[in-house]
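These protein sequence lines map, in sequence, to chains F and E.
In terms of the numbering used here, the numbers along the first sequence are unbroken and rise by one, the last being 108.
In terms of the numbering used here, the numbers along the second sequence are unbroken and rise by one, the last being 1155.
All C-beta atoms in this analysis are idealised placements derived from N, C-alpha and C, irrespective of residue type, glycine included.
Have a look at the structure below before the remarks.
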Amino acid sequence: MEAALRAIAEPNRRRILELVAEDERSAGEIAGEFDITRPAVSQHLTVLKSAGLVVERREGTRRFYRARPEGFIDLKAFLEKFWGEGLERLKLAAELEEGRRRRASRPG
Amino acid sequence: MPVDQGNAIEQEIRIAAQPDTVFEFFVDPEKMTQWKGRQAELDPRPGGIYRVDISDMAVARGEYVEVDPPNRVVFTWGWEGISNPVPPGSSRVEIDLVPDGDGTIVRLRHLDLPEDERAIHGQGWEHFLARLAKAAAGEDPGVDSHASGGPTKSA
């Protein structure tokens, strides 16, 4: 998730993701959509690939890219962390509260 | 009730407190914000609102479905905002509090989450991920100090 969040922080990379969200596109087609240099586009594709957000397919010397939906949202992993950290804090807060209650109910 | 088990999240934790102590942390706004969110609006009865403001970019909202103190609480859940894969009310969180000696086992199940495929092909995933990034970064500055997992007694 960290790598994915870093990868999508860059506007050109978000743009690339939009381009390949529905259909596979060749590296040349993708580069044609940008004013930035081809090596820069290639670098962005490498970042997206290593973050698991796009998959690459080679056909001879050509490379094709498409979005990898399961890498992107990783919704389940995010929510597991969300609830997991929450429950850890719930434990701390509830145990403190229990301590207060026990002291309050103790006579004297 | 049929649920998509493959997409459910299940978590469990043992807490050294009685169920009635723990239960209040799911229904009392002041107690809720001790563990989740900065502000909470809670009306703990079926159909009542569950709204927890987690950060500037992330507000969780749903409705209570079952409120059975101190054993069980169920609420629907989602994020506010026009385009995201988990809108308010679209998923469901079930909490069971099971007595365990002088403590409580808390079982949390988050059900009916969207398939990733559906999420990505829905509109606005970019917007959603941007929200997620902010939520993840700013969710709660107190997390790290609690990372050890339990209070330790000082000598």
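Exercise. Considering only residues of the same chain and omitting the five flanking positions on each side of residue 1063 of chain E, which have a CB-CB separation below 7 Å?
Worked result: 1047, 1048, 1049, 1050, 1075, 1076 and 1089
Problem set entry | Run of the beta strand (DSSP E) containing residue 1011 of chain E, from where it starts to where it stops | 1009-1015
Problem set entry | CA nearest to the CA of residue 1019 of chain E, picked from E:1113, E:1041, E:1061 and E:1107 | E:1107
Exercise. How would you call residue 1037 of chain E, buried or exposed, if buried means at least 16 neighbouring beta carbons within 10 angstroms?
Worked result: buried
For this session: Would you kindly check if the distance between the Cβ of residue 1009 of chain E and the Cβ of residue 1092 of chain E is under 8 Å?
Result: no
Exercise. Apart from the five residues just before and just after residue 1059 of chain E, which ones in its own chain have a Cβ nearer than 6 Å to its Cβ?
Worked result: 1053 and 1080
For this session: Tell me residue 1100 of chain E's beta-bridge partners as DSSP assigns them.
Result: E:1103
For this session: Report the neighbours of residue 86 of chain F on chain E: residues whose CB is nearer than 7 Å to its CB, in chain order.
Result: 1035 and 1036
Exercise. In whole angstroms, what separates the C-alpha of residue 1035 of chain E from that of residue 15 of chain F?
Worked result: 37 Å
Exercise. Are the C-beta atoms of residue 1073 of chain E and some chain F residue less than 8 Å apart?
Worked result: no
For this session: Since I believe residue 97 of chain F is in contact with residue 1017 of chain E (beta carbons under 8 Å), could you give me their beta-carbon distance rounded to a whole number of angstroms?
Result: 7 Å
For this session: Could you please give the first and the last residue of the uninterrupted beta strand (DSSP E) stretch that includes residue 1068 of chain E?
Result: 1058-1068
For this session: Could you work out which residues of chain F lie near residue 1105 of chain E, taking near to mean beta carbons separated by less than 8 Å?
Result: The contacting residues do not exist; residue 1105 of chain E stays about 11 Å from chain F at best.
For this session: Could you please give the first and the last residue of the uninterrupted beta strand (DSSP E) stretch that includes residue 56 of chain F?
Result: 54-59
For this session: Output the distance between the C-alpha atoms of residue 81 of chain F and residue 1111 of chain E, rounded to the nearest integer angstrom.
Result: 15 Å
Exercise. Taking the alpha carbon of residue 53 of chain F as the point to measure from, which residue in F:100, F:79, F:94 and F:18 has its own alpha carbon closest?
Worked result: F:18
For this session: Check whether the Cβ atoms of residue 67 of chain F and residue 21 of chain F sit closer than 8 Å, and answer yes or no.
Result: yes
For this session: For the beta strand (DSSP E) holding residue 1078 of chain E, just list the boundary residues, first then last.
Result: 1072-1079
Problem set entry | Short-range partners of chain E found in the segment 39-51 of chain F, where Cβ spacing is below 7 Å | none
Exercise. Taking DSSP as the reference, what is the three-state secondary structure of residue 1113 of chain E?
Worked result: coil
Exercise. In or out: residue 1095 of chain E buried (at least 16 other Cβ within 10 Å) or exposed?
Worked result: buried
Problem set entry | Exposure label - residue 1114 of chain E; buried when at least 16 CB within 10 Å | buried
Exercise. Which partner residues does residue 1038 of chain E have in the DSSP bridge list?
Worked result: DSSP lists no partner for residue 1038 of chain E.
Problem set entry | Proximity test, Cβ basis, 8 Å: residue 1065 of chain E and chain F | no
Problem set entry | 8 Å Cβ cutoff, residue 1018 of chain E in contact with chain F | yes
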